[in-house]
Structure formats: C-alpha cells, structure tokens
Amino acid sequence: DTGVSQDPRHKITKRGQNVTFRCDPISEHNRLYWYRQTLGQGPEFLTYFQNEAQLEKSRLLSDRFSAERPKGSFSTLEIQRTEQGDSAMYLCASRIGGGEQFFGPGTRLTVL
Amino acid sequence: GENVEQHPSTLSVQEGDSAVIKCTYSDSASNYFPWYKQELGKGPQLIIDIRSNVGEKKDQRIAVTLNKTAKHFSLHITETQPEDSAVYFCAASTGGTSYGKLTFGQGTILTVHP
Numbered sequence: 002d003t004g005v006s007q008d009p010r011h012k013i014t015k016r017g018q019n020v021t022f023r024c025d026p027i028s029e030h031n032r033l034y035w036y037r038q039t040l041g042q043g044p045e046f047l048t049y050f051q052n053e054a055q056l057e058k059s060r061l062l063s064d065r066f067s068a069e070r071p072k073g074s075f076s077t078l079e080i081q082r083t084e085q086g087d088s089a090m091y092l093c094a095s096r097i098g099g100g101e102q103f104f105g106p107g108t109r110l111t112v113l
Numbered sequence: 309g310e311n312v313e314q315h316p317s318t319l320s321v322q323e324g325d326s327a328v329i330k331c332t333y334s335d336s337a338s339n340y341f342p343w344y345k346q347e348l349g350k351g352p353q354l355i356i357d358i359r360s361n362v363g364e365k366k367d368q369r370i371a372v373t374l375n376k377t378a379k380h381f382s383l384h385i386t387e388t389q390p391e392d393s394a395v396y397f398c399a400a401s402t403g404g405t406s407y408g409k410l411t412f413g414q415g416t417i418l419t420v421h422p
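Quick note, the sequences are listed as chains F and S, same order. Residues in the first sequence are numbered consecutively from 2, following the working numbering. Residues in the second sequence are numbered consecutively from 309, following the working numbering.
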C-alpha cells in the first residue's frame, strides 16, 4: 500500500454512460498525475495538477474527459459518453516536490 | 515528445540467475529514469531510480546503469527469486515544463522459475 487510494477499484458501464473516478493522494503531496494503462502496455500520461491548478493535459484527454482537484486535495476524473475504447486501467500518482511518484492501485474501467 | 523503447517484452529465467532489461530514450533533455514493478491487480511500485548525473546505482540485488551518450539505461537483477516475477517498466522524465510526467516503456514480463 503506497498511501494513494483510488475508488472504485472496478467499474463496468454501458457505452454512452458517464463515469467518475476518485483519487486520494498522500496528504502532503502537492503534485498529482493521472495515467491510463491499456492491457499489455505501459501507463500513458493524461493530466497533471500542482495543488489545485491543472497545468498540463495530454492530447489523449479528449473533450469527453475532465479532471478536477478542488482545494488541492483529492482529484476526480470524469469520462462522459463512454466508448469501448475507454476501457483501461486509470492510475493516479502523487509526489511532493521532485520526489518519486507513488501510484495508487488503479480503477479498472470496462465499457460494454 | 519523449519516446521510450523497452526490451525484451518477456524474460524467463531460473531462480538464482541474473535478469537484464534494457531501455532506450529519445529526448536528450530527460534527466530522471525510474524503474517500476507491477504485480497483478496493483499499481506500479518504484524499485530503483537514477538521475542523469549518475552512471550507476545499486540497491541490494538490483542495479541500474545509465549511458547518457547512447541514451540507454538498464535494470540488472541478480540472484533472482520467484517473488521477482512481475511486469517491469522503465520510464523517463524531464524537469521544467514537463512537470515530471513519466513516459513509460512497453513493459517486460519477468518469470522466475523455481
């Protein structure tokens, strides 16, 4: 257990539905990242928060995706109008300053 | 942007043997190179990392080497044990406006046979 928690751990949804995932980073960590990992691949960067500010978004993050980090604590990632191609593991990581990134256990999304 | 290539994709060794996984990167500005171990159903866990001002780093049975000129780095595991079986990922990142985001390799499935 790295101290980063994610909820839910698994989510099954039907195409077209909206889903929201939550990440709770290690409490003093001011930097938070979201990654997506498809089967047999390494994680791919989606977006980065420093405190409450979203400072970078990958081109992978289409307009159906939105992320927030209110008050610089927990973060949410919402996917609207889900597609089968959104099926993946969504990973959250946090760090403080230039330290290592600690990953959560991930949320596995299956879109039917 | 950065591109990281990792080889081999699968590696099978006998308990007690050594295992070596190699990665190359494309962005000469990359300055931080972590290695992660991922077990089934879990998120990646850092096992060792190296920064560009160091050529080699060792932690018990695990070592990492970095060749900045050739833009490649390697993970060495000695005296492998069955519990070392997992997927291993290399990654690279730069500082500055990249905000430390990691670019990962494709992963290596390591199997250690008792």
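We put the CB at the ideal spot given by N, CA and C, even for glycine.
query                                                                                                                              : result
Chain S residues whose Cβ lies nearer than 8 angstroms to that of P44(F)                                                           : P352, F397, L410 and F412
Limits of the unbroken beta strand (DSSP E) element including E53(F)                                                               : Here E53(F) belongs to no beta strand (DSSP E), and DSSP marks it neither H nor E.
Where the beta strand (DSSP E) through T318(S) begins and ends                                                                     : T318 to Q322
Check whether P422(S) and E347(S) have beta carbons under 8 angstroms apart                                                        : no
Distance, A371(S) Cα to A337(S) Cα                                                                                                 : 23 angstroms
H315(S) - partner residues in DSSP beta bridges                                                                                    : K330(S)
Assigned exposure category for D2(F) - 16 Cβ within 10 Å defines buried                                                            : exposed
Own chain residues within Cβ distance below 8 angstroms of L56(F), not counting five before or after                               : Y49 and F50
Contact check, P352(S) vs P9(F), beta carbons under 8 angstroms                                                                    : no
Inter-stretch contact (C-beta, 8 angstroms, three-pair minimum) for the stretch 26-38 of chain F and the stretch 97-113 of chain F : yes
Backbone CA spacing between E310(S) and I13(F) [nearest angstrom]                                                                  : 33 angstroms
Within chain F, partners of Y424(S) - CB distance below 8 angstroms                                                                : Any question about residue 424(S) goes unanswered here, given that chain S covers just 309 to 422.
Cβ separation of L78(F) and A89(F), assumed to be a contact under 8 angstroms, to the nearest whole Å                              : Contact doesn't hold; Cβ gap of about 12 angstroms is too wide.
Whole-angstrom distance between F341(S) and L383(S), CA atom to CA atom                                                            : 11 angstroms
Alpha carbon of L47(F) to alpha carbon of G349(S), nearest angstrom                                                                : 20 angstroms
C-alpha distance - Y423(S) paired with R60(F), whole-angstrom precision                                                            : Chain S is shown from 309 up to 422; residue 423(S) falls before or after that span and cannot be answered.
Beta-bridge partners of S59(F), as assigned by DSSP                                                                                : According to DSSP, which records beta bridges pairwise, S59(F) is partnered with nothing at all.
Where K72(F) falls: helix, strand or coil (DSSP)                                                                                   : helix
Delimiting residues of the beta strand (DSSP E) encompassing D8(F)                                                                 : S6 to D8
Test item: CB-CB of R70(F) and S76(F) under 8 angstroms                                                                            : yes
Euclidean distance between Cα positions of T108(F) and S326(S)                                                                     : 33 angstroms
8 angstroms Cβ shell around R1(F) - same chain, five flanking residues per side excluded                                           : Since the first residue of chain F shown is 2 and the last is 113, residue 1(F) is not available in this structure.
CB contact below 8 angstroms: D335(S) versus chain F                                                                               : no
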